[in-house]
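Presented below is the structure to which this report refers.
This is how it looks when you write it as structure tokens:
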């Protein structure tokens with residue numbers, strides 16, 4: 204609307220004030236009140252737009268509690284997704300209508316970006332970290348999934364779809380097989396396999412802190428800081444345990460970087476959260 | 419308040435400096451006659467030979483050296499753009515391979531930004547006009563000016579070599595870890611080329627700031643400076659303070675890639691977001707380097723072709739400084755979905771809205787200048803109109819992008835591509851072309867053919883809109899950027915865009931051809947064909963090597979159109 | 356020659372013709388150098404910024420790595436540079452007083468001190484090379500977090516420290532080398548008697564540059580060498 208108004212003004216002036224013989228231009232120095240008016244009013248309008256956009260953004264970056272979680276690993280040039288219940292998908296995500304879905308994303312290599320235009324969501328997917336995004340599907344259908352951060356040769360081929368199904372159809376899809384147990388249970392397998400349980404026992408006798416009920420709680424570190432045990436904390440503790448030592452424990456946890464894949468990491472995180 | 423009587427500081431009988439009184443018809447005829455009958459010595463004919471050009475320290479000759487070089491790179495970047503648009507005619511990737519396409523958009527961006535847009539107006543028009551406009555004989559450091567050009571040429575050769583031996587495919591944004599640990603292309607060479615070009619930019623900025631501070635003619639106070647000078651001053655501050663940051667960032671990227679360090683690589687303890695912060699800390703202010711000079715050009719053209727002083731001089735001057743300062747505070751609005759904290763995003767979004775205010779002030783002031791003016795429609799004015807309209811659209815879409823909620827949907831899509839092309843092409847390039855037409859008589863001593871000038875302006879305007887408006891829609895519908903192949907539903911808009919780009923290309927080629935033609939066959943230009951205000955118009959067209967025979971003493975305000983008669987010539991009739 | 360409101364002075368051969376007078380030339384050169392130094396602040400600033408961020412994140416590893424730097428050599432180098440700034444000032448003073456011989460002596464001393472700095476840096480880097488602290492394939496940092504003997508150092512974090520250490524001290528050393536080049540040029544011309552009380556702007560401006568490079572070191576030294584030394 205503003206641009207239309209200005210365009211109109213310009214066209215109007217251009218026509219109305221064309222050079223005419225004997226009609227000189229009127230020299231106008233300026234007008235401070237006018238300048239202030241057309242600075243402050245736009246500023247006010249801008250602040251309104253800012254707040255409006257900020258509120259939307261805040262909601263968009265705050266996943267609701269109780270959302271179903273999907274772990275996403277991006278790599279050149281495909282999307283690997285795993286449901287909590289254990290189903291794995293490549294380049295496709297099946298979800299039921301009406302249920303909040305929260306995605307926990309990481310990349311195996313370079314920066315990608317998970318973009319579903321129809322849902323108005325986009326989130327960069329970073330190597331070495333988890334980022335999150337969430338949506339609430341309201342209509343059944345198939346929607347484009349794009350990678351929106353340039354990632355190399357097949358960046359434009361790293362596309363897929365989000366398939367939103369009616370609840371009944373979703374149940375049918377779920378039981379269509381392919382699940383090898385929930386993520387939490389495969390996480391438990393990895394936990395036992397890699398020997399984590401020798402130090403991280405459910406009682407307080409272990410050489411490592413107990414992990415029961417840990418997720419989401421504050422953790423006191425030996426250097427005095429207090430951090431929240433979120434997905435990134437768990438991931439970091441596995442890959443570079445020396446970065447944050449829990450108060451009262453020795454820094455003896457072995458480093459697992461290079462020894463565990465992204466999928467296994469996701470499973471472990473899911474297990475710790477359960 | 420009536421200014422002092424004219425000419426109180428001038429010397430009578432000046433051969434070279436034409437007083438304001440004779441800038442009207444009689445003066446014009448006198449000058450033209452003199453020019454035809456006895457070709458006066460000017461900076462072009464003072465000395466011939468390639469050495470006199472390659473070793474010149476005359477700011478005007480250096481400006482022409484830059485003109486040739488940036489035009490060359492403009493066409494290289496434009497060629498890449500044409501290939502991109504041709505590929506995008508069809509959804510499938512069928513013209514070039516994916517890797518080639520990735521190199522094309524990367525190098526289109528790098529060449530256009532670092533080798534065309536950033537130098538363009540400052541290095542050509544700025545170099546030529548800054549000393550003339552302030553009444554100086556040259557810039558403060560003429561030899562450093564020449565060094566600037568040579569650094570640009572060295573950087574250009576490095577870039578060309580990089581392109582010819584494989585190119586680079588990281589996107590002009592060089593995001594890590596792709597650029598440092600995954601790309602198989604000549605990242606180091608491209609990075610070093612841009613590093614060198616950065617020094618060219620820094621030295622130009624340094625030269626301008628010192629010149630404007632220390633070499634103004636007596637009476638040329640800050641408040642009497644043409645706003646073109648204010649715009650270049652602000653631009654130079656950004657060049658000085660911002661460019662070193664991209665320089666050091668590129669150094670770190672080169673070191674990381676060469677020695678497998680881990681500064682930006684998460685598998686080695688580093689952080690890729692740190693790269694993005696360092697990169698955008700420069701690259702956002704860089705866009706103001708590209709647009710401010712263009713705004714300065716428009717601020718010279720509009721008063722001349724409305725025969726009115728600019729509305730709100732002080733506000734326009736301060737808005738340039740405001741844009742430069744605020745421009746340093748908004749870089750992370752390129753990173754809203756990159757994984758920065760929510761609170762950082764809020765702050766940067768709000769600051770981004772603040773920086774829009776000074777730009778809005780300029781647009782309002784230009785419009786207000788037209789009110790009760792006496793408007794004519796010569797080619798420079800057409801470009802100015804085009805600039806204002808297209809910059810407005812680009813700027814408003816910037817406001818959409820600054821809104822966090824909207825940005826999530828449209829960032830990294832063609833919406834952003836359209837937004838920045840509206841500003842950089844619809845804005846900066848239109849301003850550049852408008853300025854080239856406006857000052858061409860002064861630079862070359864010839865008039866360009868007005869009819870062709872108007873035709874080219876029209877082609878550029880139409881072609882531009884046809885090329886880039888569909889891209890707003892494409893982005894909104896979800897087409898991501900940097901896509902070699904795309905889902906078929908996006909094809910129609912892409913075809914429209916490609917069609918527009920061919921028209922745009924013709925619009926760009928035309929001026930090159932007729933400017934060249936005019937150097938031989940164009941009408942001889944008088945000192946002040948447009949009846950414009952400004953010290954540069956008091957010299958001959960072209961000016962003599964040392965600009966002014968006697969240092970002008972300024973005792974009138976800027977844009978003193980009340981006292982300058984409009985040129986009677988029919989050629990500027992609307 | 357352009358007229359100017361100021362009385363026409365005798366034409367100093369050092370006056371460049373686009374300037375109205377020597378004073379304008381001097382002020383322009385000086386402003387130019389200050390602006391250039393501002394760009395250098397931004398340049399080093401980028402690296403300092405990266406360094407400060409990683410130091411905050413990886414403090415224990417950075418502390419350990421910092422301890423492995425030779426504090427004696429670092430301190431000596433700091434003293435060397437500060438002395439060299441003194442000799443620069445004295446050289447400028449000598450020029451102001453028209454003393455050619457003194458100028459030459461102080462400029463030569465500055466050069467010697469500058470080269471001494473670079474030599475000591477070379478020694479430090481060589482020892483880093485022998486200790487396998489140079490980032491790359493053969494990087495290995497033995498040690499534990501200061502005060503926590505059973506907490507091993509994270510190799511990646513230590514490598515980042517050394518990457519930044521070499522980048523920053525390397526960039527600084529490069530500026531020193533350029534400074535040495537500039538001062539060699541100045542020494543030659545001072546010896547030829549070019550710098551007089553009326554014209555010694557190159558000395559002053561190069562002195563500014565040298566002081567700046569010194570100040571960068573004065574920030575680098577505590578940041579890099581003196582993290583958590585008390586443990």
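Chains as they are written, first to last, in this note's numbering: chain L, 204 to 477; chain R, 419 to 992; chain D, 356 to 586. Ideal placement from N, C-alpha and C gives every residue a C-beta, glycine not left out. Because the structure is a prediction, the values reported are computed rather than measured.
Using three-state DSSP, classify residue 369 (chain D) as helix, strand or coil.
coil
Cβ separation of residue 652 (chain R) and residue 741 (chain R), assumed to be a contact under 8 Å, to the nearest whole Å
7 Å
Unbroken stretches of the alpha helix (DSSP H), 4 residues or longer, contained in the segment 459–542 of chain R:
468–472, 477–505, 516–528
Helix, strand or coil for residue 348 (chain L)? Go by DSSP, reduced to three states.
strand
When you compare each of R:628, R:822, R:786, R:909 to residue 214 (chain L) by their alpha carbons, which one comes out closest?
R:786
4 or more residues per run - each alpha helix (DSSP H) lying fully within the segment 900–948 of chain R
909–939
On a CA-only basis, which of R:602, R:639, R:938 is nearest residue 675 (chain R)? Give me that one, please.
R:602
Check for me: the beta strand (DSSP E) holding residue 293 (chain L) runs from which residue to which?
291–293
Give me the residue from L:308, L:348, L:229, L:280 with the minimum Cα distance to residue 757 (chain R).
L:308
Determine, for residue 512 (chain R), whether the minimum Cβ-Cβ distance to residues of chain D falls below 7 Å.
no
Would you call the segment 404–413 of chain D in contact with the segment 517–535 of chain D, where contact means no fewer than 3 C-beta pairs closer than 8 Å?
yes
How would you label residue 561 (chain R), buried or exposed, when you count the other beta carbons within 10 angstroms and need 16 or more for buried?
exposed
For residue 388 (chain D), the three-state DSSP class (helix, strand or coil)
helix
Tell whether a beta-carbon distance below 7 Å holds between residue 373 (chain D) and residue 632 (chain R).
no
Buried or exposed for residue 869 (chain R), please, with buried defined as at least 16 other CB atoms from any protein chain shown within 10 angstroms of its CB.
exposed
Between L:462, L:329, L:446, L:356, which has its C-alpha nearest residue 394 (chain L)'s C-alpha?
L:462
C-beta neighbour in chain D for residue 573 (chain R), strict 7 Å:
no
Contact between the segment 482–491 of chain D and the segment 453–473 of chain D: three or more CB pairs below 8 Å?
no
Since residue 216 (chain L) contacts residue 788 (chain R) with CB under 8 Å, what's their CB separation in whole angstroms?
4 Å
Between the C-alpha atoms of residue 404 (chain L) and residue 475 (chain L), what's the straight-line distance to the nearest angstrom?
12 Å
What span of residues does the beta strand (DSSP E) with residue 416 (chain D) cover, start to end?
Note, residue 416 (chain D): premise wrong, no beta strand (DSSP E); alpha helix (DSSP H) at 414–422.
Looking only at C-alpha atoms, which of R:901, R:975, R:941 sits nearest to residue 832 (chain R)?
R:901
Given residue 774 (chain R), which residues of its chain have a CB within under 8 Å of its CB, disregarding the five upstream and five downstream residues?
813, 816, 817, 820
What do you reckon, are the CB atoms on residue 628 (chain R) and residue 564 (chain R) nearer than 7 Å?
no
Is the shortest distance between the beta-carbon of residue 346 (chain L) and the beta-carbons of chain R less than 7 Å?
no
When the distance is taken between beta carbons, is residue 470 (chain L) closer than 7 Å to residue 390 (chain L)?
yes
CB contact below 7 Å: residue 515 (chain D) versus chain R:
yes
Mind checking if residue 361 (chain D) is an interface residue toward chain L, Cβ cutoff 7 Å exclusive?
For residue 361 (chain D), the predicted structure reports a pLDDT of 48, less than 50, and the residue's modelled location is therefore unreliable. A value from the coordinates is still provided. Output row for residue 361 (chain D): interface = no.
Spatially closest choice to residue 261 (chain L) from L:270, L:286, L:300, L:324, by CA coordinates
L:324
Please classify residue 870 (chain R): does DSSP put it in a helix, a strand, or coil?
helix
Exposed unless 16 or more other CB atoms sit within 10 angstroms - verdict on residue 386 (chain L):
buried
Simplified DSSP state of residue 952 (chain R), which is helix, strand or coil:
coil
For a cutoff of 7 Å on Cβ pairs, would you count residue 509 (chain D) as touching chain L?
yes
Determine which residues of the segment 348–381 of chain L have a Cβ less than 9 Å from any Cβ of chain R, and write them out in chain order.
349, 350, 351, 352, 353, 354, 355, 356, 357, 358, 359, 360, 362
Please report the distance separating the alpha-carbon of residue 411 (chain D) from that of residue 954 (chain R).
55 Å
Counting only Cβ pairs nearer than 9 Å, list the residues of chain D close to residue 443 (chain L).
509, 511, 512
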